[in-house]
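Chemist: Right, I'll just put the structure down here and ask away after.
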Amino acid sequence: MATQPMRFEQAGQEDNWRRHLIWGGVILVLVMMISLPTVMIIGVGMLPTIVAGLIDRTDQKFSMFCVGGLNFAGVFPYLMQVWSEDHTIANAGSILTDLFALTIMFSSAGFGWMLVIAVPPVITAFLAILDETKLKQLKAQQQRILEEWGDSTARKDVADETAEREDQLAEAAPAPVPEAG
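Following the numbering used here, the numbering of the sequence shown begins with 209 at its first residue and continues without gaps.
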């Protein structure tokens, strides 16, 4: 059975991926030769970001960026310590064996995960409230138009369809987020 030839786009994407991997490896080796203590701290300290990137299946990788930003905020003071004091493997090793330093690095990533989990429902509830407010304004405006122009301006079949859609949306709407008390 003959196999189908690989399409040009697939071959180009595979080639591009390999090229990025090769160049990334070359750059990593060069950086490790020049600045191994920095690579050690970033490699260990940014592990939660790597995990977030691996488990986030969305194309935008929002959770990776959120966790990564706060994770880097926790790693950065220790990078500054290595850069300003003694840029040696021993100094980087002493930072990485310090439980307090690891706690700061990883707990800052934990705050990133808290944001990833907590913010979307809050934004959804806020947008639902805005939508309800806008709907009330539009209904009030519609009522004013009907009062001014009379019922002959409104078509009965359109009004019935609108009522059905509102009922469907009300059934499908998520429950409001309870207020923290």
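C-beta: ideal position from N, C-alpha, C; glycine also.
If distances are taken between C-alpha atoms only, which option among V330, P245, D359 comes closest to V283?
Modeler: Answer by Cα proximity: P245.
Chemist: Since G253 and M313 should fall inside the 8 Å C-beta cutoff, what is the C-beta to C-beta distance between them, to a whole number of angstroms?
Modeler: Yes, they are in contact, since the Cβ atoms of G253 and M313 sit about 4 Å apart, within 8 Å.
Chemist: Could you check whether Y286 and I303 sit closer than 7 Å to each other, using their CB atoms as the reference points?
Modeler: Yes. Within cutoff.
Chemist: Can you look up E355 in the DSSP assignment and give me helix, strand or coil?
Modeler: Looking at E355 - three-state DSSP - the assignment turns out to be helix.
Chemist: Less than 7 Å separating the beta-carbons of V290 and N299?
Modeler: Taking 7 Å as the Cβ cut-off, V290 and N299 qualify as a contacting pair.
Chemist: Taking the straight line between their C-alpha atoms, what separation do you get for M241 and I235?
Modeler: Rounded to the nearest angstrom, the two C-alpha atoms are 10 Å apart.
Chemist: Determine the DSSP secondary structure at Q268, reduced to helix, strand or coil.
Modeler: It is coil, neither helix nor strand.
Chemist: What separation, rounded to the nearest whole angstrom, lies between the Cα atoms of A336 and F308?
Modeler: Whole-angstrom Cα-Cα distance: 42 Å.
Chemist: Along the alpha helix (DSSP H) that carries M248, what are the first and last residues, could you check?
Modeler: Where M248 is concerned, the enclosing alpha helix (DSSP H) stretches over 244 to 253.
Chemist: Can you tell me whether I172 is buried or exposed, with buried defined as 16 or more other CB within 10 angstroms of its CB?
Modeler: Residue coverage of the chain in this structure runs from 209 to 389, which leaves residue 172 outside it and unanswerable.
Chemist: Does G389 pass the burial test, meaning 16 or more other C-beta atoms within 10 Å, or should it be called exposed?
Modeler: Only weak support is given to the placement of G389: the predicted model assigns it a pLDDT of 49, under 50, and the question is left unresolved by the model.
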